[in-house]
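Below: the structure, in structure tokens.
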Amino acid sequence: MGKLTGKKAIVTGASRGIGLAIATKLASEGADVAILSTSVKEDLAAKLSAELGVQVKSYACNVADSETVQNVFKQIIADMGTVDILVNNAGITRDGLLMRMKDEDFDAVIATNLRSVFLCTRAVARTMMGKRTGRIINISSINALHGQAGQANYAAAKAGIIGMTRSNAMEFASRGITVNAIAPGFIGTDMTAAMDEATKEKYAAQIPLGRIGKPEDIANAAAFLASDDACYITGQILGVDGGLNA
Ligand SMILES: NC(=O)c1ccc[n+]([C@@H]2O[C@H](COP(=O)([O-])OP(=O)(O)OC[C@H]3O[C@@H](n4cnc5c(N)ncnc54)[C@H](O)[C@@H]3O)[C@@H](O)[C@H]2O)c1
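Numbering (my numbering) for the sequence shown: 443 to 688.
Here is the structure:
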């Protein structure tokens, strides 16, 4: 039996990259998983269900939009019967030097990366509070802690997630709900694929453990935080970065 057998999980931004790795890991530990992305990915959900022997269902949900989140989450909770685990992973970048950054690029990143965490957390709060148990895991970034030229919008959103994680941990603790964040370092996904090889090698050389991270490295940490083993951990920011923030 997996560590998450019988649990119902929602993972945002789960069509690829870190979100897909998290959804796959939670499912491999026995959880039924709702995978959210900008469009429905029925084939992917069917493949995961068949391979892992749990229910995986795909939903289209723009996590930046309040009404959409309310409606889709209501549907998911009705379909699954409940929700035990929420992983707020969906995120985008719209990098640019501050002086040239457009209002739309600032607003889009704050809405997709930060407002979404508020909207999705609120959408599961009533159900988790009623059960007096729950796990909320927010995906922040090492760049929330360090800052990064060209990422004022992204770093602000990811730092905002840290403040929200700690506040929600305080607010929900008496209801048995834990809220933690993971701050990934440099992880090989579509988000980082755009960089040229020389830049990637330069980054890799700075990582004490000597390699760029894999989506599975983040997924393993998320599965731990989602499990009963992590029941006494809340309000924490777990760096999974190969030692970059040591
Ligand atoms: N890759 C890295 O090095 C790295 C480092 C630190 C943090 N992160 C964070 O990890 C998370 C996942 O990153 P990734 O590298 O897998 O990115 P990715 O671009 O490969 O995947 C992003 C996912 O988010 C979804 N998404 C984007 N906008 C959405 C919206 N409005 N509504 C619903 N879904 C939406 C996409 O469909 C996709 O499934 C992000 O929050 C990212 O900021 C990544």
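No residue lacks a Cβ here, since even glycine has one placed at the ideal position from N, Cα and C.
| Item | Value |
| --- | --- |
| Beta-bridge partners of V453, as assigned by DSSP | I477 and V529 |
| Sub-8 angstroms separation of I629 and K642 beta-carbons | no |
| Where G602 sits in the DSSP three-state scheme | helix |
| Environment of D671 [buried if 16+ CB atoms lie within 10 Å] | exposed |
| For R574 and I619, the rounded distance between their alpha carbons | 7 angstroms |
| Residue from H588, A664, A599 and G592 whose Cα sits closest to the Cα of N622 | A664 |
| Three-state class that DSSP yields for V505 in the structure shown | coil |
| Proximity test, S500 beta-carbon vs ligand 1 heavy atom, cut-off 7 angstroms | no |
| Three-state secondary structure (DSSP) of G461 | helix |
| Three or more C-beta pairs below 8 angstroms linking the region 474-482 and the region 447-465 | yes |
| Simplified DSSP state of P657, which is helix, strand or coil | helix |
| Distance cut-off 7 angstroms: M637 Cβ against heavy atoms of ligand 1 | no |
| Minimum C-alpha distance to E613 - residue among I578, D638 and D521 | I578 |
| Terminal residues of the beta strand (DSSP E) in which I679 lies | I679 to V682 |
| Residues that K499 bridges to, as DSSP identifies them | A476 |
| Outcome for T554 when other beta-carbon atoms lying within 10 angstroms are tallied against a minimum of 16 | buried |
| N622 (DSSP reduced to helix, strand or coil) | strand |
| Alpha helix (DSSP H) segment containing R568, residue limits | S558 to K573 |
| At least 3 beta-carbon pairs within less than 8 angstroms: the region 478-494 vs the region 452-460 | yes |
| C562: CB within 7 angstroms of a non-hydrogen atom of ligand 1 | no |
| Anticipated Cβ contact below 8 angstroms, D547 with R557, distance rounded | About 15 angstroms; that fails the 8 angstroms criterion. |
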